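See below for the structure under consideration.
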Amino acid sequence: AHNSKESLPLIANNAKTHFIFMSIANVTDKIATDQTGRFPYTSSLGSKYVMIIYVVDCNAILAESLKSKSEHDMVKAYTKVYNFLQAKGFQPKLHKLDNKTS
């Protein structure tokens, strides 16, 4: 049995083998969000900002448009993304915020 890719012999001509590769990943159930600054132009749907969401476990970057940075619009965008992640079988347990202090 081999425990790493480095110790596997090279197989010429893409010959079939019975080697299986796997890795163990720590699941963190973490996401991080940040909002962009205002764009110079308003989109055709009225959006002026974007909420960026990074999902740590699947190394995915998602985006949701925002018409404003109001509490209502941000909660609506976050809820939409959260429901999407839950539908895909991922339930975030830790949310890292990039809070601005000014």
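Per my numbering, the sequence shown starts with residue 34, numbered consecutively.
Even for Gly, the Cβ is constructed at its ideal location relative to N, Cα and C.
As the structure is a computational prediction, the values presented were derived from the model and not from experiment.
Asked                                                                                                                                                               : Found
Please report the Cβ distance between D131 and D62, rounded to the nearest whole angstrom; I am assuming they are in contact, meaning their Cβ atoms lie under 8 Å. : At roughly 19 Å, the Cβ-Cβ gap does not stay under 8 Å, so D131 and D62 are not in contact.
Just tell me which of V83, N92 and I57 has its CA closest to the CA of P73.                                                                                         : V83
Look at D90 and V60 and say whether their C-beta atoms are less than 9 Å apart.                                                                                     : yes
If you draw a straight line from the alpha carbon of Y111 to that of Y87, how long is it in whole angstroms?                                                        : 12 Å
Could you give the C-beta distance for L95 and V108, rounded to a whole number, given that I count them as a contact under 8 Å?                                     : Their Cβ separation, rounded to whole angstroms, is 16 Å, which puts L95 and V108 out of contact at 8 Å.
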